Structures are given as structure tokens and as C-alpha cells.
Amino acid sequence: MKLNERSLAFYATCDSPADNAGFLYKRGERHTAYHRRWFVLKGNMLFYFEERDSREPVGVIVLEGCNVELCDSAEGFAFAIRFGGTKSRTYVLAAESQAAMESWVKSLSRASFDYMRLVVRELEKQLQEMCRGPAGGCEGSREPPGPWKPKPSGPEQSRERLPALPAIPPKENGCAVWNNVLGADRPPDTSGCGGHDEEENPRPPPLPPRRRTPSTFCRLHERYSREVARLRQDWQQKQRGPRP
3 MKLNERSLAF
13 YATCDSPADN
23 AGFLYKRGER
33 HTAYHRRWFV
43 LKGNMLFYFE
53 ERDSREPVGV
63 IVLEGCNVEL
73 CDSAEGFAFA
83 IRFGGTKSRT
93 YVLAAESQAA
103 MESWVKSLSR
113 ASFDYMRLVV
123 RELEKQLQEM
133 CRGPAGGCEG
143 SREPPGPWKP
153 KPSGPEQSRE
163 RLPALPAIPP
173 KENGCAVWNN
183 VLGADRPPDT
193 SGCGGHDEEE
203 NPRPPPLPPR
213 RRTPSTFCRL
223 HERYSREVAR
233 LRQDWQQKQR
243 GPRP
């Protein structure tokens, strides 16, 4: 990302929330005198202004690859921002109180992306430890979790919960044919109870004897067949004519 003075000035003075803001004393690079400046911390950028109402910042410090530590100085509540390298500059700042110094040191130490990476790694490590432990519940599952499947509803749910229906015996002329039922070839059990077979399966109850009485269809067929035969005989007689 390319930055210029305009973008930095806009970011420093825009309405985005600041991580910390307040007055600090900054020691000059050439002169060791301290100057009171208004500091604003946003992300990993530390802006400083001449006054609180200044429209543009005097400078900016990018807080990457640096260490924030306390230092001995003539000014009280002093701390330093040190960068790696022999020619890198060290910024010496001083707060107005012990509480302000601790707040700034804590905020500046957590502003870099390196610190955020460490936090993310530590959180990932804690998450893995929780999953490996008995409370996490991840150790007991050997297979990886599959895709989420919704619970069946409506006809699908009813098909899963309802037991299998027994086989309906076939019918002949409206009457059940008992001999076609499974187990009809077995001799009937006269003990009065089902009991169990050789494979320890429950036996069905004894079957009633097959009905031998003629069905309703047979009776109707016999009745109407006699009527049809009588009417046919009368018609044949009329075709022959009266006898001499």
C-alpha cells in the first residue's frame, strides 16, 4: 500500500476511533530538550501534533520491529521506543503521571502486527489443547465431522420412526387364504400358546381352519344361473310354437 502526506494526514485527523491519545513530552533528535506534543495512536501508527487542535501531524512513527521499554532520563515517567539496527533512531517520550506512562507503554507494546501474530498463535494453541482434552470432545471422534444434515421432517421422519407393518395375507373371493401365510406348513401348536421355534424366534399363534362354507359370490352365481336357465327354456319353447 502506498502512503503519502495527504493520506496520512487524513487518517490522523479522521473520525476513526483512536487506541490512545494524550499529551506526551518528546525529546528532540539533535537537542535533548523535551517538547510537549499531542500524540494519537491508531493501529500501528503513532501520530504527534504540535497542539491538540492542529490540522496536520508533525510526524508519524510506524510501530513495527520495535521494542517499548522504560528508560532513565532527567524527565520523570520516561520510556523509549527502540528499533533494531545500528542507525535506527530511538524515540524517548515522557508522560505526565505513572498511570499515563503505564497506559502508553501497554498500548504501544500491543500496536504492532507482530504482537497480533503472537496472540493469534497463542489462541490457536489453546484451542488445539482444548480439543485434545476430554472436555473438548474432539479426541473421542476418530472421523472428521461431516457436513451438517437437517433432521428429516414430515413423511421422511414418520417413515423412520414407524415400525415395519406386517405382511397382509392374500384374499380369495373376499376371504383370507390362511394356507399362504408364512409358517402355514408347520403343524399347528395345540399347547394354546405360541412358544418359540428352534432358532428361538417367536412362533405365530395357531391358525384357524379354512372356511369351507360357500362364499356369497358362489351363492349368487348359483341362484342367477338357475334363473337364466329357466328364462332360456321359456324362450326356446316360444320359438318352437304351440304344440298341435
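Count along the sequence shown from 1, add 2, and you get the number used in my numbering. The beta carbon of each residue, even a glycine, is placed where N, CA and C say it ideally should be. As the structure is a computational prediction, the values presented were derived from the model and not from experiment.
Using three-state DSSP, classify T92 as helix, strand or coil.
Looking at T92 - three-state DSSP - the assignment turns out to be strand.
Nearest neighbour of A102, chosen from V122, F85, Y13 and A80 [CA to CA]
It is A80.
Could you tell me whether the segment 15 to 26 touches the segment 85 to 93, where touching means 3 or more Cβ pairs closer than 8 Å?
Using a C-beta cut-off of 8 Å, the segment 15 to 26 makes no contact with the segment 85 to 93, since fewer than three inter-stretch Cβ pairs fall below that distance.
Please check the pair S114 and N46, which I expect to be a contact at CB under 8 Å, by giving their CB distance rounded to whole angstroms.
Their Cβ separation, rounded to whole angstroms, is 5 Å, which keeps S114 and N46 in contact under 8 Å.
Which partner residues does K44 have in the DSSP bridge list?
Per DSSP, M47.
Neighbour-count burial assignment, R29, 16 or more Cβ in a 10 Å radius:
Flag for R29 reads buried.
Comparing alpha-carbon positions, which option in E58, A82 and A231 lies nearest F12?
The candidate whose alpha carbon is nearest that of F12 is E58.
Kindly provide the ranges of any alpha helix (DSSP H) runs that are 4 or more residues long and lie completely inside the segment 5 to 45, ordered along the chain.
Within the segment 5 to 45, the complete alpha helix (DSSP H) runs of at least 4 residues are 7 to 15.
What does DSSP give as the partner residues of R84 in its beta bridges?
Partner(s): N69 and T92.
Would you list the residues sitting across from G61 in a DSSP beta bridge?
Residue pairing by DSSP puts G61 in a beta bridge opposite Y50.
Residue span of the alpha helix (DSSP H) that contains D55, given as start and end:
D55 -> no alpha helix (DSSP H), and no H or E assigned at all.
Whole angstroms is fine: what's the gap from A14's alpha carbon to D74's?
Going from the Cα of A14 to the Cα of D74 covers about 30 Å.
In whole angstroms, give me the CA-to-CA distance for Q128 and E52.
Rounded to the nearest angstrom, the two C-alpha atoms are 44 Å apart.
Quick one: is W237 buried, meaning 16 or more other Cβ sit within 10 Å of its Cβ, or exposed?
The residue in question, W237, is exposed, as its Cβ has fewer than 16 Cβ neighbours within 10 Å.
Are the Cβ atoms of A82 and V64 separated by less than 8 Å?
No, they are not a contact pair.
Please state whether DSSP places F253 in a helix, a strand or coil.
For residue 253 there is no data in the structure shown, the boundaries of the chain being 3 and 246.
According to DSSP, simplified to helix, strand and coil, what is S105?
Helix at S105.
Rounded C-beta distance between Y27 and E77? I'm assuming under 8 Å.
With a contact defined as Cβ atoms closer than 8 Å, Y27 and E77 qualify at about 6 Å.
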